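Trainee: Following the working numbering from start to finish, the sequence shown increments by one per residue and tops out at 154. Note that the Cβ used here is the ideal one computed from N, Cα and C, for glycine as well. Keep in mind that this is a model prediction, so the values were computed, not measured. My structure is below; once you've seen it, I'll send some questions.
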Amino acid sequence: MEIKPYQETDREQLLDVWEKSVLATHHFLSPEDFISIKAMVREIDFSRFEVHCLMDESRVIGFLGVAEKKVEMLFLDPHYFGQGLGKKLINFAIVQLKAHKVDVNEQNVGAVAFYENLGFATYERSDKDDQGNDYPILRMKLRTRNI
8 MEIKPYQETD REQLLDVWEK SVLATHHFLS PEDFISIKAM VREIDFSRFE
58 VHCLMDESRV IGFLGVAEKK VEMLFLDPHY FGQGLGKKLI NFAIVQLKAH
108 KVDVNEQNVG AVAFYENLGF ATYERSDKDD QGNDYPILRM KLRTRNI
């Protein structure tokens, strides 16, 4: 498994990973909100972020995006959950991209626990997500640079 910079040719595979990952982890989303968010994600200009893909040979199995030292996105194909690959992506973000913050849906308890286990702590909570929906967000930052 290697981590490589995103290329536009990775886009469809990346979007597929996003969808599979969200369906496996974001059970709190209404079907209508999922459809709306999916349409929004399809319009993202990934060149605005430092996006890197986790590859299994030529297949994208995960990715992360960082902007201004904040992890803006981290998604992994559910078939690869529990293998330390999410941690591999976060370590890359911290060490290589100097990321030290992340926003997490409070209702995504698995993700909250994941980031807490890696040394992140909540410093702020918002009742709504960035689109104004009633999905509370935890703003987390790294307690220490040593993972």
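Of the residues Asp136, Leu30, Leu125, Asp110, which one's Cα is nearest the Cα of Met147?
Mentor: Cα-wise, what sits closest to Met147 is Asp110.
Trainee: Count Cβ pairs between the region 32-44 and the region 113-120 that sit closer than 8 Å; are there 3 or more?
Mentor: A contact exists between the region 32-44 and the region 113-120.
Trainee: If I measure Cβ to Cβ from Gly11 and keep anything under 7 Å in the same chain, skipping five residues before and after, which residues do I get?
Mentor: Per the sequence presented here, residue 11 reads as Lys, with Gly not at that position. Closer than 7 Å at the Cβ level, and outside the excluded window around Lys11, lie His59, Cys60, Met62.
Trainee: Check this for me: beta carbons of Ser43 and Phe82, under 8 Å apart or not?
Mentor: No.
Trainee: In terms of residues, what are the limits of the beta strand (DSSP E) holding Leu145?
Mentor: Run containing Leu145: 144-149, per the beta strand (DSSP E) assignment.
Trainee: Go through its chain and collect everything with a Cβ distance to Tyr130's Cβ below 8 Å, but skip five positions before and after it.
Mentor: Hits under 8 Å: Arg146, Met147, Lys148.
Trainee: To the nearest angstrom, how far is it from the Cα of Gln20 to the Cα of Phe70?
Mentor: Approximately 10 Å, taken between the alpha carbons.
Trainee: Taking all protein chains shown into account, decide if Gly139 is buried (16 or more other Cβ within 10 angstroms of its Cβ) or exposed.
Mentor: With fewer than 16 Cβ atoms within 10 Å of its Cβ, Gly139 is classed as exposed.
Trainee: Can you tell me the Cβ-Cβ gap for Lys135 and Lys108, rounded? I've got them flagged as a contact below 8 Å.
Mentor: So it is not a contact: roughly 18 Å between Cβ atoms.
Trainee: Let me know if Ala106 comes out buried or exposed under the rule of 16 or more other beta-carbons within 10 Å of its beta-carbon.
Mentor: The residue is buried, with at least 16 neighbouring Cβ atoms inside 10 Å.
Trainee: Taking the straight line between their C-alpha atoms, what separation do you get for Pro143 and Phe121?
Mentor: When rounded, the distance between both Cα atoms is 17 Å.
Trainee: Starting from Ser28 and walking both ways along the alpha helix (DSSP H), at which residues does that stretch end?
Mentor: Taken as a continuous stretch (DSSP letters only), the alpha helix (DSSP H) holding Ser28 covers 18-32.
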